[in-house]
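Following numbering that gives the first Met the number 0, the numbering of the sequence shown begins with 0 at its first residue and continues without gaps.
We put the beta carbon where it would ideally sit given N, CA and C, even for glycine.
Quantities reported herein were computed from a predicted structural model and do not represent experimental measurements.
One structure is given below, encoded as structure tokens.
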Amino acid sequence: METNVRKHEILVNSGGPHRIVRGRHGDFIFNHNDIYIGRSLEKYGEFSEAEVDLFKQLCRPGDLVVEVGANIGTNTIPIANCVGPTGRVLAFEPQALAFHMLCGNVALNNLTNVHCHPLAVGREEAEIFVPEFRTDLEVNLGGLSLENASSGRRVRQIKLDSLLELPRMRLLKIDVEGMESDVLVGCSDHISRLRPVIYVENDRVDRSEKLIEQIMALDYDLFWHLPPLYNPNNFAGDAENVFPNLISVNMLCTPKRSNAQINGLKKVTSAAEHPFKRG
């Protein structure tokens, strides 16, 4: 008997580095040589599902979400499904390879509420270099830093306050490999006016104290969110953990006096603390 139940499977394998998988949240183009996002999609049909679970709690139909560093869209697609046709997701991704897959994944999943921009985001308008990857070698597509790059493809960098004039913003999600502070500076007007929830990566101990102080100064409460890369209840039902002891280090930041109910997350009480610090 025919059913509509989704199951994890590789839909397209051309023999090259790019494949299409049927996953928990839709169909995804991915790079087989990508050691984290691609590998997780291929093996489990999902990536960092604990993050997606959090976004499902935060986002509602009609919300507007800004995602800086969308990569290939493993968060973009489920967020877009949460906000629905009356909501919008503005996704920024400056890497050409990741951006092409992001657009492909939006199209594959028939989403008309996602607007993809091939732009870098920072504290000022500029033109920067974005290093390029070889698709036939192992790579961490989610680990590219744009700081101080001196070669690659020239890409326009914008600051969000100059490009956008939004009436609302439910969530500002930032994953930019060390440039988080710059993104916040370039979006300061929107943050002060719209008071979005901010979800930001903070895995660099040497940058953490400044970043925490910066967000606390915006009158926000901060909470550590440490999602593991492996989900034992993954979509493929695969019991093998190929990412043992690997977590992401992020912060969920909510405006003070917003009455947000945050359960199960440790509050950041000092700018000096970090999960990777000993003692």
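Counted within 10 angstroms of its Cβ, other Cβ atoms place residue i as buried (16 or more) or exposed
i, result
"Gln260", "exposed"
"Asp52", "exposed"
"Pro93", "buried"
"Ser257", "exposed"
"Gly61", "exposed"
"Phe275", "exposed"
"Arg153", "exposed"
"Thr253", "buried"
"Asp181", "buried"
"Glu164", "exposed"
"His24", "buried"
"Gly15", "exposed"
"Gly72", "buried"
"Leu57", "buried"
"Leu10", "exposed"
"Leu283", "Residue 283 is absent from the structure shown; the chain starts at 0 and stops at 278."
"Met0", "Confidence at Met0 is low in this model, with a pLDDT of 41, below 50, so the placement of that residue should be treated as unreliable; the coordinate-derived value is given next. Counting Cβ neighbours within 10 Å, Met0 comes out exposed, since fewer than 16 surround it."
Nearest candidate by alpha-carbon position, reference residue i, set the options
i, options, result
"Gly22", "Asn32, Gly61, Gly68, Pro77", "Pro77"
"Ala279", "Ile71, Cys81, Met178", "Since the displayed the chain opens at 0 and closes at 278, residue 279 lies outside it and no answer follows."
"Glu239", "Asn249, Leu228, Ser247, Gly103", "Leu228"
"Asp33", "Ser13, Val67, Leu96", "Leu96"
"Leu170", "Ile157, Val184, His189", "His189"
"Val129", "Leu107, Leu251, Ile28, Pro117", "Pro117"
"Leu143", "Tyr35, Ile19, Leu162, Val175", "Val175"
"Glu8", "Pro16, Gly14, Pro84, Gly44", "Gly44"
"Ile211", "Leu145, Ala79, His273", "His273"
"Asn104", "Ile19, Lys209, Val65", "Ile19"
"Gln156", "Phe132, Glu126, Asn147", "Glu126"
Where the beta strand (DSSP E) through residue i begins and ends
i, result
"Leu57", "Per DSSP, Leu57 belongs to no beta strand (DSSP E); it is in the alpha helix (DSSP H), 48–57."
"Leu10", "8–12"
"Gln156", "152–157"
"Gly25", "25–30"
"Ala259", "Careful: Ala259 lies outside any beta strand (DSSP E) and carries neither H nor E."
Contact test: residue i Cβ vs the ligand SAM heavy atom, cutoff 7 angstroms
i, result
"Asn201", "What this structure holds is no ligand at all, so the ligand SAM is not there to describe."
Nearest-angstrom Cβ-Cβ length linking residue i and residue j, presumed shorter than 8 angstroms
i, j, result
"Val241", "Lys42", "6 angstroms"
"Ser47", "Pro226", "5 angstroms"
"His224", "Asn249", "5 angstroms"
"Gly141", "Asn70", "5 angstroms"
"Asn112", "Val88", "6 angstroms"
"Val67", "Lys158", "Actually they are not in contact, since the Cβ atoms of Val67 and Lys158 sit about 11 angstroms apart, beyond 8 angstroms."
Residue span of the alpha helix (DSSP H) that contains residue i, given as start and end
i, result
"Val88", "Careful: Val88 lies outside any alpha helix (DSSP H), inside the beta strand (DSSP E) at 87–91."
"Gly103", "95–107"
"Arg206", "204–215"
Any chain C beta carbon closer than 8 angstroms to residue i
i, result
"Pro254", "No chain C appears in the structure shown, which is made up of a single protein chain."
- In chain order, each alpha helix (DSSP H) run of at least 4 residues that lies wholly inside the segment 155–198: 159–162, 179–185, 187–193
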